[in-house]
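Start counting the sequence shown at 1; every next residue gets the next number (full-length UniProt numbering).
We treat Cβ as the ideally placed atom computed from N, Cα and C, and that holds for glycine.
Read the structure below first, then the notes.
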Amino acid sequence: MREILIRSGEVAIRARLLDTPTANRIWENLPIYANARTWGEEIYFEAPVENVREPDARDVVEAGEIAFWPDGVAIAIGFGPTPISRKGEIRLVSPCNIWAQALDDVRQLRGVHAGEHIAIIEADS
Numbered sequence: 001m002r003e004i005l006i007r008s009g010e011v012a013i014r015a016r017l018l019d020t021p022t023a024n025r026i027w028e029n030l031p032i033y034a035n036a037r038t039w040g041e042e043i044y045f046e047a048p049v050e051n052v053r054e055p056d057a058r059d060v061v062e063a064g065e066i067a068f069w070p071d072g073v074a075i076a077i078g079f080g081p082t083p084i085s086r087k088g089e090i091r092l093v094s095p096c097n098i099w100a101q102a103l104d105d106v107r108q109l110r111g112v113h114a115g116e117h118i119a120i121i122e123a124d125s
C-alpha cells in the first residue's frame, strides 16, 4: 500500500493512496512542496501534476478525503465548511478527483495558515 505524509510545521497527516490515475500521477511526482492557501476550512496548494477530471469527480467530500482540483492544478483538503458549503457539508469550488484517504484527523489543518510551507512526501514504511 502506498502511503504519504502531508506536513506543515507541527501538523503531520498520514494518508493512503487510492487506486486511481490521479493517485498514480501524484505518487510519480513526489515529493511535492508548495505554499498553503486557505478557503474557509479547506487547505489547497499547487501540485506539479496535470490530470483531467475523472468520471467520479465530485465537489462535496467527506473529511479525510484528499482531492485533486483539475481546474486549479492543486491538491485540496477540506476539513470543514467552505464559503459555498450548505449546512453540514464540505463543498469544494468545483468537482475534484479523490485520490487518497487520510489516516489521521484532517482537522489538524486548522493550525496551518495561508503562505505556510506544506510538503507531501512518501511515508516511511
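Measure the alpha-carbon distance for residue i versus residue j and round it to whole angstroms.
| i | j | result |
| --- | --- | --- |
| residue 79 | residue 106 | 6 angstroms |
| residue 116 | residue 61 | 24 angstroms |
| residue 27 | residue 55 | 20 angstroms |
| residue 11 | residue 124 | 17 angstroms |
| residue 1 | residue 17 | 7 angstroms |
| residue 76 | residue 93 | 10 angstroms |
| residue 73 | residue 31 | 16 angstroms |
| residue 36 | residue 15 | 18 angstroms |
Evaluate residue i with the Cβ neighbour count: other Cβ atoms within 10 Å of its Cβ, from every protein chain shown; 16 or more gives buried, anything less gives exposed.
| i | result |
| --- | --- |
| residue 122 | exposed |
| residue 65 | buried |
| residue 112 | buried |
| residue 114 | exposed |
What is the DSSP secondary structure of residue i, counted as helix, strand or coil?
| i | result |
| --- | --- |
| residue 102 | strand |
| residue 42 | strand |
| residue 23 | helix |
| residue 115 | coil |
| residue 110 | helix |
| residue 65 | strand |
| residue 28 | helix |
For residue i, which residues from the same chain have a beta carbon less than 8 angstroms from its beta carbon, with the 5 sequence-adjacent residues on both sides left out?
| i | result |
| --- | --- |
| residue 51 | 21, 22, 25, 68, 70 and 97 |
| residue 59 | 91, 92, 93, 94, 95 and 96 |
Tell me which residues share the same chain as residue i and place their Cβ nearer than 6 angstroms to its Cβ, disregarding the 5 neighbours each side in the sequence.
| i | result |
| --- | --- |
| residue 83 | 40 |
| residue 33 | 119 |
| residue 38 | 114 |
Which same chain residues, not among the five before or five after residue i, have their C-beta less than 7 angstroms away from its C-beta?
| i | result |
| --- | --- |
| residue 13 | 6, 102, 104, 106 and 108 |
| residue 57 | 95, 96 and 97 |
| residue 81 | 40, 41 and 90 |
Would you say residue i reaches chain C, if we count a Cβ-Cβ gap shorter than 8 angstroms as a contact?
| i | result |
| --- | --- |
| residue 105 | Considering every chain present, this structure includes no chain C. It has just one protein chain. |
At a cut-off of 7 angstroms, is residue i close to the ligand NAD when judged by its beta-carbon and the heavy atoms of the ligand?
| i | result |
| --- | --- |
| residue 22 | The ligand content of the structure shown is nil, which means the ligand NAD is not present either. |
contact_flag[the region 78-92, the region 45-56] where n(CB pairs < 8 angstroms) is 3 or more
no
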